[in-house]
Amino acid sequence: MVRQDKQGPHRVAYEKNKKVIFKTQNVCGICGKQVDFSIKAPEPLSPVVDHIIPVSKGGHPSAMENLQLAHWTCNRQKSDKMFLAKQEAPQVLGNRNLPQSTNWATYKG
16 MVRQDKQGPH
26 RVAYEKNKKV
36 IFKTQNVCGI
46 CGKQVDFSIK
56 APEPLSPVVD
66 HIIPVSKGGH
76 PSAMENLQLA
86 HWTCNRQKSD
96 KMFLAKQEAP
106 QVLGNRNLPQ
116 STNWATYKG
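Read in the working numbering, the sequence shown has 36 at position 21, and its numbers run on one by one without any break.
This is how it looks when you write it as C-alpha cells:
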C-alpha cells in the first residue's frame with residue numbers, strides 16, 4: 016500500500032506544506048537542534064519533514080499541523096512512534112521573587 020502523502024490527492028498539499036516548513040522553520044522538532052539546509056540527502060543530518068502523529072497511527076498525511084522539520088536521522092529513529100517533545104510550563108515570576116541586585120532601601124539617587 017502506498018502512503019497518501021506519496022501519491023494521490025494529498026501529494027500536492029504535502030509538497031506545498033513542505034516548502035513552507037523549509038522556509039519558516041530551522042530547528043528539528045525531534046531533537047531541538049539547528050537544521051543545516053546546505054546538507055543534502057542522504058546525509059544523516061539532512062532536512063526532512065516529519066509527521067508529528069504518524070500516518071500509520073491516524074495522523075493526517077498533509078495537514079500543516081501534523082508536519083514539522085526534522086533531521087533525517089532523527090526522523091528515522093522516531094519511525095512510526097508517537098513522540099511529544101517535553102514541554103516545560105512557562106514559569107511566571109512575580110516582582111517579589113526576582114533576585115535583588117541593589118538594596119533600594121538604602122539607595123540615594
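Cβ coordinates follow ideal geometry from the N, Cα and C atoms, glycine included.
Treat the numbers as computed from the prediction; the structure is a model and nothing was measured.
Note on the segment 38 to 80: whole beta strand (DSSP E) runs with a minimum of 3 residues are 62 to 66, in chain order. In this structure, the straight-line span from the alpha carbon of residue 92 to that of residue 23 is close to 27 Å. Annotated three-state conformation of residue 92 is helix, per DSSP. Annotated as proximal: residue 50 and residue 43, with beta-carbon spacing under 8 Å. DSSP places residue 83 inside the beta strand (DSSP E), whose first and last residues are 82 to 86.
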